[in-house]
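A short worksheet on the structure shown next.
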Amino acid sequence: MQSTSQVSSPLLAIPGVLASIFSLAIGLVALLTSLASFGRQAEYGYLISPGAGGILFIHLAIAGMVGMAIYLEQEKGARCLQISIALVGLPSLIIFAYFREWLGGIFLIAIAAAVYYSSQRMSSAPLLLFSGLVGFLVAQLAITTLPYGWKAWAIPGVLFVLAGLIVLLNGYLALLPTGRGRGARFGSRLLYALFFSLVAFGAIALLMQVPHDAGGRISNACGCNGSNLSASGTAVSLDPGSSQDLREEIIAPEDVRTFPQEESILFQAKACENEPCQYLWWSDRDGILDSNQSFSRRGMTAGWHSVTLTVTDGSGCASRDSIELGVAPPSACSDVSPLPRYYPVDTPCRDIWPNGTESCQEIEVCHPDLDYIVLDAVRCCNGTASSPACAWARAHADGDNKRCRGLYIIRAFGPDAVYMQGYALFKACCSGYPECTRTSWPSLAGTVSFREGFNQNVANLSCRQEEWGVSAWRSDTNMSENSAVLGLFPAHATVNILQTGVCVDYAAALTTALRKAGYNKSEAMVAASLGYDLPLLGDHPGHAYNLVKLPGEEGYHIVDTTGNGEGINPEGLPHYFWFVGNFMNQPVRIRVFDWWVGYCSKISPYGFNDLGSVKAPASAEICGCPG
Numbered sequence: 030m031q032s033t034s035q036v037s038s039p040l041l042a043i044p045g046v047l048a049s050i051f052s053l054a055i056g057l058v059a060l061l062t063s064l065a066s067f068g069r070q071a072e073y074g075y076l077i078s079p080g081a082g083g084i085l086f087i088h089l090a091i092a093g094m095v096g097m098a099i100y101l102e103q104e105k106g107a108r109c110l111q112i113s114i115a116l117v118g119l120p121s122l123i124i125f126a127y128f129r130e131w132l133g134g135i136f137l138i139a140i141a142a143a144v145y146y147s148s149q150r151m152s153s154a155p156l157l158l159f160s161g162l163v164g165f166l167v168a169q170l171a172i173t174t175l176p177y178g179w180k181a182w183a184i185p186g187v188l189f190v191l192a193g194l195i196v197l198l199n200g201y202l203a204l205l206p207t208g209r210g211r212g213a214r215f216g217s218r219l220l221y222a223l224f225f226s227l228v229a230f231g232a233i234a235l236l237m238q239v240p241h242d243a244g245g246r247i248s249n250a251c252g253c254n255g256s257n258l259s260a261s262g263t264a265v266s267l268d269p270g271s272s273q274d275l276r277e278e279i280i281a282p283e284d285v286r287t288f289p290q291e292e293s294i295l296f297q298a299k300a301c302e303n304e305p306c307q308y309l310w311w312s313d314r315d316g317i318l319d320s321n322q323s324f325s326r327r328g329m330t331a332g333w334h335s336v337t338l339t340v341t342d343g344s345g346c347a348s349r350d351s352i353e354l355g356v357a358p359p360s361a362c363s364d365v366s367p368l369p370r371y372y373p374v375d376t377p378c379r380d381i382w383p384n385g386t387e388s389c390q391e392i393e394v395c396h397p398d399l400d401y402i403v404l405d406a407v408r409c410c411n412g413t414a415s416s417p418a419c420a421w422a423r424a425h426a427d428g429d430n431k432r433c434r435g436l437y438i439i440r441a442f443g444p445d446a447v448y449m450q451g452y453a454l455f456k457a458c459c460s461g462y463p464e465c466t467r468t469s470w471p472s473l474a475g476t477v478s479f480r481e482g483f484n485q486n487v488a489n490l491s492c493r494q495e496e497w498g499v500s501a502w503r504s505d506t507n508m509s510e511n512s513a514v515l516g517l518f519p520a521h522a523t524v525n526i527l528q529t530g531v532c533v534d535y536a537a538a539l540t541t542a543l544r545k546a547g548y549n550k551s552e553a554m555v556a557a558s559l560g561y562d563l564p565l566l567g568d569h570p571g572h573a574y575n576l577v578k579l580p581g582e583e584g585y586h587i588v589d590t591t592g593n594g595e596g597i598n599p600e601g602l603p604h605y606f607w608f609v610g611n612f613m614n615q616p617v618r619i620r621v622f623d624w625w626v627g628y629c630s631k632i633s634p635y636g637f638n639d640l641g642s643v644k645a646p647a648s649a650e651i652c653g654c655p656g
C-alpha cells in the first residue's frame, strides 16, 4: 500500500494514533456539552456552532485513523473505517441541514472527499496533514467548548502534522546518520525520537501560549414585550404642529439628582427667546409646582418625581422637557459627607465603608466617588457625550432616559469594559477555589497568582486566606493591607481601585450603579445560580449576575457582565459571559455559554441589593425563562 522505499513501523504510527484519540475525545466532549448550540452559531458570532464543531472533530479523528490504517497496510481496517465515516457522516449531514449548519456540512463533505482520495491513492500522508491543519480552522470557527477554545486542538493538530511528516519523509529517515553496531543504532534512533518529541511538545506549548480573544456582539433586536426600538435618546419633545425653533430645556436640577426632603431645590429653565412666554412646571407626584422660569421648592413628597416643564411662547408654540428627580427621606445617606449627588430614595443606607452595614458597604449606593458613573450615563442620554456604549444605549432606549441610563451602565460594565476589565482569577487563587487550584501543580491556594495585566493596586494585594468579603478590605491607600480573597469588597474599591473582579463583584457594581441611577429596590438586584459545570474542570460552586427590570418591559432581564460578558440580550437570556480559569498553571479565558449556567433552572429564590436579601421574581417574570 505504501511506497516500497518506505518501511511501515508501528512505532512511527504512535503520533497519528494519539492524535486520533485526542481528536475523538475533543469531539465527544464538545458535542455532549454543546447540544444546545446547534443552529445558534449566529447568536454567538461564529460560523460553526460548538456542537457542529464537535461532530467535525469526531470525523477528523476517524479520518486520522484511516490514514494510519493505510500507513500500516491494514487494508481491512481502512475499509471498515471508511464505512464508519460514511455511516456517521450521513446522519451528521442531515443534522447540519436541519439546523442550517451549511459551513459545517461543507467541511464534512471535504473530510469525506479527503478520505476517499487518500484511500484511492493508498497514500496516508496527505490525509494526516489535512486532518491536522483543517482541525485548526474548524476549531477557530467553532470556538470549541473545551478548555480553552481553539487551543484544545493544539495537541491533536500538532501530532497529526507530525505523523504526516513522518510518513511523508519515512523513506529519508533511514538516511539519517547512526552509529555502528546495534546498540549505537538503537541509541541514535532513540535520540532522533526524543528530538522529534521535543519538537512536537515545543510546538504544542507554543500554540497553547498564543493569546486569543474570541468574542461576539449581541443582537440589536428587541423582545420580551418591550417597545420597538429607535435611535432616539433625548427627552425633549415638541407638540404636534409646534415650531421647530422652540427648544425648551431644564437647566436645574440635573436629571436623576436626589435631594433630601428638607432641602430647598432650585428649578430653572432656559430663557425663552420669543417673549412673552408661559412656563408650567408639573410633577407626577405633587401636581403643578410653579409657573415661573426659576423658583425654589422645599418639602416635596418623598420618592421619584417625573418633572415636566412646558413652555409656550408668544406665537402659541409649545415645547416640553422632562427630568427625573429624587426626593429622599432625611435618613437616606445621612451620615455621608459630602452627600452624593445620586442615590436611591428608597435605600435604608445611612453610611458607606467602613462604617455602614454590610449590605451598604457591598452595594455602596451612598458613595459620592461612584457618582461619575451616573453622570456619564446622564450625559450620554441627554446627548452631551458620546461613546460606543452610549451609542448602543441611545439606539435601544426608545427615547426613555431611565432605560437609556440602565442600558448604558450595563453596556459599560459589560462588553465595552469602561469601568471594570477582565476576570480576577487571583481572588479565586487566594481563597483556594477550584477554577484556580484543580489543574495546578503545586497548589496555588493561598497565593495571589495571575495578577499580570491588571493595575498596580492589584499587584500590591496580599492574601489572608481565612478572611472573606468586606472585612478583608482595610485600606484605600495601602494595598498590602487588603487580602485578595473572594467575597464582596466595598463597591468603590472594586470599581475605582481594583477595576476588576469575579462574577459577584461585577454584579454588585452594576446593582450599585443602577440603584444610584434611579432604579428602585425591586428593579435592580444581584441574583445567583446555585452551581454549574465546566468541561474538564467539573462543578463550579455558583455564579452571580443581575436581575434588572427596564422601563417599558413587562418582565425582568437576566444581565451578566462578568468578565465584560454580553451583558443583556434584548430577546432573552444572555448568551455568554467571560471567565478565566487555571489550566496547567496558565490563565485561560473561557466563554461560558448560557446552557452551562442554568440561569432559569438553578436560580436562587432570593437576591440582594442595598436593602439586604430580597425575593427574586418568579421564573415566569424573567425574560427567556419558561413560565
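Per the working numbering, residue 30 is the first one in the sequence shown, and the count goes up by one each step. For glycine and all other residues, C-beta sits at the position ideal for the given N, C-alpha and C. Only a predicted model underlies this, so the values are computations on that prediction, with no experimental measurement involved.
Best match in I195, Y401, C389 for proximity to Y371 [C-alpha to C-alpha] | Y401
What residue does the alpha helix (DSSP H) around Q390 start on, and which one ends it?
-> 387 to 391
On the three-state DSSP scale, how would you describe L576?
-> strand
Can you have a look at T341 and say buried or exposed, based on whether 16 or more other CB atoms are within 10 angstroms of its CB?
-> buried
Where H241 sits in the DSSP three-state scheme = Any reading at H241 is ruled out, since the residue's pLDDT is 41, under 50, leaving its predicted position unreliable.
Can we say the stretch 182 to 200 touches the stretch 130 to 149, given the rule of at least three CB pairs closer than 8 Å?
-> no
When the Cα atoms are used, what is the spatial distance from F608 to E291?
-> 47 Å
Per-residue DSSP class, three states only, for Y29 = In this structure the chain extends from 30 to 656, so residue 29 is not present and cannot be described.
Using a Cβ-Cβ cut-off of 6 Å (strictly less than) and excluding sequence neighbours within five positions of P417, which residues of its own chain qualify?
-> D445
With burial defined as no fewer than 16 other Cβ atoms inside 10 Å of the residue's Cβ, what is the status of Y127: buried or exposed?
-> exposed
Would you mind reading off the limits of the beta strand (DSSP E) that contains M613?
-> Neither: M613 is in no beta strand (DSSP E) and is coded neither H nor E.
Spatial distance of L454 from E130 (CA atoms) | 35 Å
Simplified DSSP state of N638, which is helix, strand or coil = strand
Taking H88 as part of the alpha helix (DSSP H), name the residues at either end of that continuous run.
-> 79 to 100
Extent of the continuous alpha helix (DSSP H) to which E104 belongs | 104 to 127
G596 versus T590: straight-line alpha-carbon distance, rounded | 4 Å
Three-state secondary structure assigned by DSSP to A553 | strand
Which residue comes first and which comes last in the alpha helix (DSSP H) that contains V533?
-> 532 to 545
Indicate whether L60 and G164 have their beta-carbon atoms separated by less than 9 Å.
-> no
Give me the Cα-Cα distance between G93 and L157, rounded to the nearest whole angstrom.
-> 6 Å
At what residues does the alpha helix (DSSP H) containing F296 begin and finish?
-> Note, F296: premise wrong, no alpha helix (DSSP H); beta strand (DSSP E) at 294 to 298.
Jot down the residue ranges of each uninterrupted alpha helix (DSSP H) in the stretch 326 to 408, minimum 4 residues, whole runs only, in chain order.
-> 387 to 391
Is there contact between the stretch 380 to 388 and the stretch 514 to 533, where contact requires at least three CB pairs shorter than 8 Å?
-> yes
Measure from the C-beta of D313 to each C-beta in chain B and report whether the shortest distance is under 9 Å.
-> Looking at the structure shown, chain B is missing, and only one protein chain is on hand.
Bridge partner(s) assigned by DSSP for I317 = W311
Grouping DSSP H, G and I as helix and E and B as strand, with all else coil, what is T466?
-> helix
To the nearest whole angstrom, what separates the beta carbons of L543 and I438, a pair I think is in contact under 8 Å?
-> 6 Å
Evaluate Q111 with the Cβ neighbour count: other Cβ atoms within 10 Å of its Cβ, from every protein chain shown; 16 or more gives buried, anything less gives exposed.
-> buried
Same chain, Cβ closer than 8 Å to R246, neighbours up to 5 away in sequence not counted | Caution is warranted here: a pLDDT of 35 is assigned to R246, below 50, making its placement in the model unreliable, and no coordinate value can be reported.
Under 9 Å, do S293 and R314 count as touching if we go by C-beta distance?
-> no
Boundaries (first-last residue) of the beta strand (DSSP E) holding R150 | Looking at the DSSP string, R150 is not in any beta strand (DSSP E); the run it does join, the alpha helix (DSSP H), is 131 to 150.
Other residues of its chain near S363: CB distance less than 6 Å, five sequence neighbours each side excluded = R379
Cβ-Cβ separation, N593 to C465 (assumed contact under 8 Å), whole Å = Actually they are not in contact, since the Cβ atoms of C465 and N593 sit about 20 Å apart, beyond 8 Å.
Spatially closest choice to V95 from S504, S49, V524, by CA coordinates = S49
Under three-state DSSP, which class holds K644?
-> strand
Contact set for P397: own chain, Cβ-Cβ below 6 Å, skip 5 residues either direction | P367, P369
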